[in-house]
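Participant: Here the sequence shown stands for residues -16 to 235, where the numbers follow the numbering used here.
Ideal Cβ positions, reconstructed from N, Cα and C, are used throughout, including at glycine.
Starting off with a structure, shown below.
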Amino acid sequence: FPLGDLVKKKDDGNDGRNGLGDTKSVRDIAIEAGLPTATKRESMGICFIGKRNFQSFISQYLPSVPQPGNFVDVDTGEIAGEHLGASHFTIGQGAKISGASRKWFIVGRASEDDGTVFVCGNTHHPALYSNELYIDANEFNWIGASVPALIGSGGKLLALCRTRHLQPLIPCCVEIEKNDGNPRIAVRFDRPVRAITPGQTAAIYVGGGLICLGGGQIACAGPSFHQLGRELPRLLHPSGENDLSAARRASE
-16 FPLGDLVKKK
-6 DDGNDGRNGL
4 GDTKSVRDIA
14 IEAGLPTATK
24 RESMGICFIG
34 KRNFQSFISQ
44 YLPSVPQPGN
54 FVDVDTGEIA
64 GEHLGASHFT
74 IGQGAKISGA
84 SRKWFIVGRA
94 SEDDGTVFVC
104 GNTHHPALYS
114 NELYIDANEF
124 NWIGASVPAL
134 IGSGGKLLAL
144 CRTRHLQPLI
154 PCCVEIEKND
164 GNPRIAVRFD
174 RPVRAITPGQ
184 TAAIYVGGGL
194 ICLGGGQIAC
204 AGPSFHQLGR
214 ELPRLLHPSG
224 ENDLSAARRA
234 SE
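Listed below in C-alpha cells is the structure:
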C-alpha cells in the first residue's frame, strides 16, 4: 500500500522511481528490511475471503441471479467472448475473456434486462470517459446539513471532486438542476474522467481539498466521448494515485 508520501511500487524494472528522483517505494523499503512479504504478489480482490472463486462468492449476495451473455466490442458490434453474469463487472476494469489475444476493458451493460456487456480495447478509449455525472439531490449528504447558499440560490460552485478511492481530486463545477421536478446535483469536470460508475460515491471538496462539503451515490454519468463522437484530449486526469498511464499518454 502507499504510505504517506511514498509510492506503492516501482513504475517498471528500470528506473523504478516513478519520476520521484531517489525517493524509495514501499517495496524498496520492505526489501531492504528483509520482510517476507516484500516480493509477494498484490491482492487485487477481496483479500479477507480467502482462496475461493470471486464470482461465485459475490453471486451469493446479489439481489438477483447473474445474467450470462456476451462481451460485445463497442466499436464493431462483434462478439468478443462470453461471460457468466453481467453483475460481476464494473466499468473500467479489465475483462478477462478466454482466448482473447488483446486486453479488453468493461464499458458497461446494454441495459439492466440484457446480458450484453460492452467492452473496448484500450484503457483510454473514449467510451470509458465522460465529463459529467449526476446525483439525486435527495440522496446527497451535505455535511453542513444544508445546501451551500451559492448552489441553493441557483449558482454554480467551483470545487473539487473524487469519484473513487485514492483518485486525485479533480476540478469541477457543481450546480443543482430541476430535471423535470426531480432535482439533481450536476457535477461537470474540466476534463473527461475515466470510468464514472453509477452506485459509487462522488465527494465534493473546497478549500484546496481540505474541506469536504459532502457526497452522494452517483445516479448516472453523462454521455461518453464515444457516444458524443468526440476524441479525448491528450491530457487526462489519472484514475488513481498510482496511475501513471495518463502521464505516459500525454508524453507520447
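Fully enclosed by the stretch 33 to 114, which alpha helix (DSSP H) runs are 4 residues long or longer?
Facilitator: Positions of the alpha helix (DSSP H) runs, each at least 4 residues long and wholly inside the stretch 33 to 114, are given as 37 to 42 in order along the chain.
Participant: Are the stretch 35 to 42 and the stretch 60 to 76 touching by the rule of at least three beta carbon pairs closer than 8 Å?
Facilitator: The stretch 35 to 42 is in contact with the stretch 60 to 76.
Participant: Does the beta-carbon distance from His107 to Arg10 come in below 8 Å?
Facilitator: no
Participant: I'd like the span of the beta strand (DSSP E) that includes Gly212, first residue to last.
Facilitator: Careful: Gly212 lies outside any beta strand (DSSP E) and carries neither H nor E.
Participant: Taking all protein chains shown into account, decide if Ser234 is buried (16 or more other Cβ within 10 angstroms of its Cβ) or exposed.
Facilitator: The residue in question, Ser234, is exposed, as its Cβ has fewer than 16 Cβ neighbours within 10 Å.
Participant: Tell me the residue span of the alpha helix (DSSP H) that contains Asp11.
Facilitator: Residues Val9 to Glu15.
Participant: Nearest CA to the CA of Ala186: which residue from Ile179, Leu196, Ala178 and Thr180?
Facilitator: Leu196
Participant: Taking its Cβ as the centre, do 16 or more other Cβ atoms sit within 10 Å of Tyr112, making it buried, or is it exposed?
Facilitator: buried
Participant: On a Cα-Cα basis, can you pick out the residue from Ala202, Ile194 and Val176 that is closest to His209?
Facilitator: Val176
Participant: Three-state secondary structure (DSSP) at Gly192?
Facilitator: helix
Participant: Rounded to whole angstroms, how far is the Cβ of Ile153 from the Cβ of Phe123, which I believe are closer than 8 Å?
Facilitator: 18 Å between Cβ atoms; not a contact.
Participant: Which residues mark the beginning and the end of the beta strand (DSSP E) in which Leu143 is found?
Facilitator: Counting along the chain, the beta strand (DSSP E) containing Leu143 begins and ends at Leu140 to Arg145.
Participant: By the 10 Å Cβ neighbour count, where 16 or more other Cβ atoms means buried, how is Ile194 classified, buried or exposed?
Facilitator: exposed
Participant: In terms of residue numbering, what span does the alpha helix (DSSP H) encompassing Arg167 cover?
Facilitator: Unbroken run through Arg167 is the beta strand (DSSP E), Arg167 to Arg177; no alpha helix (DSSP H).
Participant: Once the 5 residues before and after Ser222 are set aside, which same chain residues still bring their CB inside 6 Å of it?
Facilitator: Arg177
Participant: Going by DSSP, what residue range makes up the alpha helix (DSSP H) through Ile134?
Facilitator: Ala132 to Gly135
Participant: Kindly indicate the opening and closing residues of the alpha helix (DSSP H) around Ala202.
Facilitator: Where Ala202 is concerned, there is no enclosing alpha helix (DSSP H), given that its DSSP letter is neither H nor E.
Participant: Output needed for Val83: all residues of its chain with C-beta closer than 8 Å, excluding positions within five of it in sequence on either side, in chain order.
Facilitator: As written in the sequence, residue 83 is Ala, which differs from the Val given in the question. Within the same chain, Ala83 has close Cβ partners Ala63 and Gly64.
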